[in-house]
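Working notes, structure below.
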Amino acid sequence: MFITLASGATIVLSSFLLFLVQPILAKQILPWFGGSSAVWTVSMVFFQCALLAGYVYAHWLQARPPRVQRVVHLALLAAALLTLPIVPDAVFKPAGEADAARGILALLVVTVGLPYMSLAATSPLLQRWLSQAVVPAQQRQVYRLFAWSNAGSLAALLAYPFLVEPWFDSGIQSRAWSVAYGVFALACAGVAWRATGAAGAATQAHAAPATEPVPGLGLHAVWTLLAMLPSALLLAVTTHMTQNVASIPFLWIVPLALYLLSFMLVFEGRGGRGWYLGPVARRLWLLPTLAVTVAMAWALSASNGVLHIRVAIPLFASGLFLVCMVCHGEMAALRPPPQHLTRFYLCMALGGAIGGLGVGLVAPRVLTAYWELPGLLLAVTLVGLLAGWRAGLGRWSLRALPLAAALAGVGGVSWYGLEYVRAQHAGSIASARNTYGMLRVTQAGSGDDEVRRLLHGTIMHGEQYTAEDRRRKPTSYYGETSGIGRVLATKGEAGPLRVGSVGLGTGTLLSYARAGDDYIVYELDAQVVEAARRWFRYIADAPTAPQMRLGDARLSMERELAEGRPGGYDVIAVDAFSSDSIPVHLLTREALGVYLAHLKPDGLVAFHISNRYLDLAPVVAQLAQAHGLVAWQVDDSPVEDHLSFTSWVLVGRSIPDPMQEAGWLLAPPPGAPLWTDQYNNLFKTLKF
């Protein structure tokens, strides 16, 4: 009993730390890699591959003699302790065009590689040792410890946005996690010593159990496939939500929490049967899963792919959960005897890593659009055919309904998938994709009203008339009555301007450039610069060629200050969006301090805060107050074609008189928290 409880407690603690470290580190390195959702996607790929490494190690180690297992595992724990604390080294900050994915992976390997691998190996190792130490009748119950493991993981994910992130800065989070890992290492060492000893004693005291046949390659392939689909869909759905809403831990954590919950439900329950096994349970899960899969395929192109957050998040989250229940449930139904459990977990981790690598690293490099999401939804309906076949347990009358539903699901997903493909190609003249997301150039209208648009994900990032006599006209978010348009007109009355632009888009801001003006553009994504030069004319038509500084704007500005090269800007326009998400590191007290160091004494910082999902005005107001500055909000609702509603907040020591008629003084609400590099919380800004 003691071994069982100690093993269970150690497994829960290891899983808690395993999943708590993911948002802790991902949030810390967000500012280093442009604040985009790609940071979470690539981090997830690393964590899945590290999990696979831990399971490979566990599968190898459990076949060694008990004494060798003890010595090797204690050595791994000791080596992992030497890498603490988990504080990312600034040497990994990228420069210029450095490959973000490669940099993130290298950073995580060095920072948390060994501790994470040892945590990952804990659950399968202790389960295997425990199965050898208990009587044969109780051996199959050790699979319940996998449900406990996922309960610990789920607790960590839920604790982060509600208990950890709001109250503790990132430095405290890293140090506290490192201390907790030390406690785990001591507990794991003790349990490993006792459990391997008990397993060896049990082997000597009892006759060796009958050897179960090794599962065939076909079953290994099925386990791997059933693990791969939910893993790939997890990353695809998370990317879809974070690219078009915000790169915030809450939207990273919800899908992952549901993914883990499905493991808990299918491996927990009376007799270890879980909540999925049995023909009736299968049908109860399968039918709504097929329906919501079709709904997800519909949502990809509904409302031009920009469903409201109140619809999009519940739909995709519930769809992901149901798919995970079906795939993980079928996998649980095919689990082997505990003698081969490390082999089973190894296939599970291999499938997860393949799914993660495919969506996180391969797809952005070989696909020009998000084709993986509709493709995965179609694959899920095909798995539904398998589940429908198994639901009847040999009786055609019971198979008819789930099989018919699965066939209808295949047809529905195929139809809406083709609609999505047509929507992606409608009016498109170019598309490209990389780690930071997908770009499309579209063309619409005719004659003098023909325009080209640049879309990042589903969000328009600028447009331009193609007619030669109109292509210098400012459009979209940069109209003459917008906040930035008024600032440049007012400041330009005194003479040539020096303007810093954080974010390029199509280069629309350059339509305000005059002879003698100096525009410096900071752009994270080389793909955006290439599209702006090739398909739009704002850069080519500027009276003076703008200076392009590739890489994260804040890191570039910090390097310039360190080298003694302040910008001396009259205006800094901060308009760097990744699809519709906000790079948080550009909206902190420290970030504003960097902008001010580059600004002339009478200069202004203009923040573009127009957003469907987030209310950022209080955040900017609090930043201004922290620096003793004035914040002035200017909203604009133009009636002309190809001009959008905009909200700009101007921050400076004072606001020019002509500007004061167009907006109002923005004061932070009482008790509004100040965003810093160590503390920020986008969840509280969501517009539900």
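Okay, so the sequence shown: first residue is 450 according to this note's numbering, each after it adds one.
Think of the CB as a built atom: it goes at the ideal place given N, C-alpha and C, for glycine as much as any other residue.
These figures come from a predicted structure and were not determined experimentally.
Drop a sphere of 10 angstroms on the beta-carbon of PRO1107, count the other beta-carbons inside from all chains shown, and report buried for 16 or more, exposed for fewer. Burial call: exposed.
Considering only the alpha carbon of each residue, which of PHE468, PRO785, LEU749 and SER580 lies closest to GLY768? LEU749
Cβ separation of PRO1087 and THR955, assumed to be a contact under 8 angstroms, to the nearest whole Å: Contact flag wrong, Cβ pair sits at about 18 angstroms.
Run the CB neighbour count on TRP672, radius 10 Å, all protein chains shown included, and call it buried at 16 or more, exposed below. buried
Check whether the Cβ atoms of ARG901 and PHE985 lie closer than 8 angstroms to each other. yes
Top-ranked residue by Cα proximity to ALA981, from GLU1007, ARG1003, GLY952 and GLY965: Relative to ALA981, the option among GLU1007, ARG1003, GLY952 and GLY965 whose CA is nearest is GLY952.
Close-in-space but distant-in-sequence residues of the same chain around LEU904 (CB under 6 angstroms, 5 per side omitted): ARG889
Can you tell me which of the three DSSP states PHE1056 falls into? strand
Contact the stretch 522-536 vs the stretch 558-571: 3+ CB pairs below 8 angstroms: yes
Can you determine whether any heavy atom of the ligand ADP sits closer than 7 angstroms to the C-beta of ALA748, and answer yes or no? Among the components modelled here there is no ligand, and therefore nothing to report on the ligand ADP.
Leaving out five residues on either side along the sequence, give the residues of the same chain with a beta carbon under 7 angstroms from the beta carbon of ALA654. Note that ALA654 has pLDDT 46, beneath the 50 cutoff, so the model's placement of it is unreliable and no number is given.
So, is GLU1012 buried or exposed, given that buried needs 16 or more other C-beta atoms within 10 angstroms? Exposed is the label assigned to GLU1012, since fewer than 16 other Cβ atoms lie within 10 Å of its Cβ.
For TRP701, which of helix, strand or coil comes out of DSSP? Note: TRP701 maps to helix in three-state DSSP.
Report the rounded CA-to-CA distance for TYR1018 versus TRP1081, giving the unit in angstroms. 19 angstroms
According to the Cβ coordinates, are PRO573 and TYR630 closer than 8 angstroms? no
For VAL775 versus VAL832, is the C-beta distance shorter than 8 angstroms? yes
Pairwise C-alpha distance: ALA1116 and ARG983: 42 angstroms
Applying the 10 Å Cβ sphere with the 16-neighbour rule, what's the burial state of ILE460? Around the beta carbon of ILE460, 16 or more other beta carbons sit within 10 angstroms, so the residue counts as buried.
Once you ignore the five residues that flank TYR926 on each side, which residues in its own chain have a CB closer than 6 angstroms to its CB? SER1093 and THR1095
With distances taken from CA atoms, which of MET713, LEU554 and ARG513 is nearest THR884? LEU554
The beta strand (DSSP E) that contains ASP1084, what's its start and end? 1079-1085
Identify whether ALA1158 lies in helix, strand or coil by the three-state DSSP scheme. Lying outside 450 to 1137, the shown extent of the chain, residue 1158 is not represented and no answer is given.
Can you grab the Cα-Cα spacing for the pair ALA812 / ALA685, in whole Å? 10 angstroms
Just to confirm, are TRP489 and ALA475 a CB contact at a threshold of 8 angstroms? In this structure, TRP489 places its C-beta atom within 8 angstroms of the C-beta atom of ALA475.
In chain order, what are the residue ranges of uninterrupted alpha helix (DSSP H) at least 4 long that sit wholly in the stretch 463-542? The qualifying runs are 487-510 and 515-530.
Which two residues bound the contiguous beta strand (DSSP E) that contains ARG998? For ARG998, the enclosing beta strand (DSSP E) starts and ends at 996-999.
If you run the structure through DSSP and keep just helix, strand and coil, what is ALA586? Here the model assigns ALA586 a pLDDT of 43, short of 50, so the residue's position is not dependable, and the following value carries that caveat. ALA586 falls in the helix class under three-state DSSP.
Quick one: grab the DSSP three-state call for LEU1048. strand
Could you tell me the distance, in whole angstroms, from the CA atom of ALA751 to the CA atom of ASP618? 39 angstroms
Which residue's Cα is closest to the Cα of VAL494: ALA550, SER464, ALA875 and PHE793? ALA550
Apart from the five residues on each side of it in sequence, which residues of its chain come closer than 8 angstroms, Cβ to Cβ, to LEU594? SER456, GLY457, ILE460, SER572, LEU575, GLN576 and LEU579
Check this for me: beta carbons of ALA1171 and MET887, under 8 angstroms apart or not? In the structure as shown, the chain starts at 450 and stops at 1137, and residue 1171 therefore has no counterpart that could be examined.
If I measure Cβ to Cβ from GLN497 and keep anything under 7 angstroms in the same chain, skipping five residues before and after, which residues do I get? SER680, GLY801, ALA802 and GLY805
Tell me, please, which residues DSSP counts as bridged to LEU1115. Paired residues: none, contrary to the question.
Between the C-alpha atoms of THR915 and ASP897, what's the straight-line distance to the nearest angstrom? Rounded to the nearest angstrom, the two C-alpha atoms are 8 angstroms apart.
Do you know whose CA, among PHE712, SER895 and GLU1089, lies nearest ALA781's CA? PHE712
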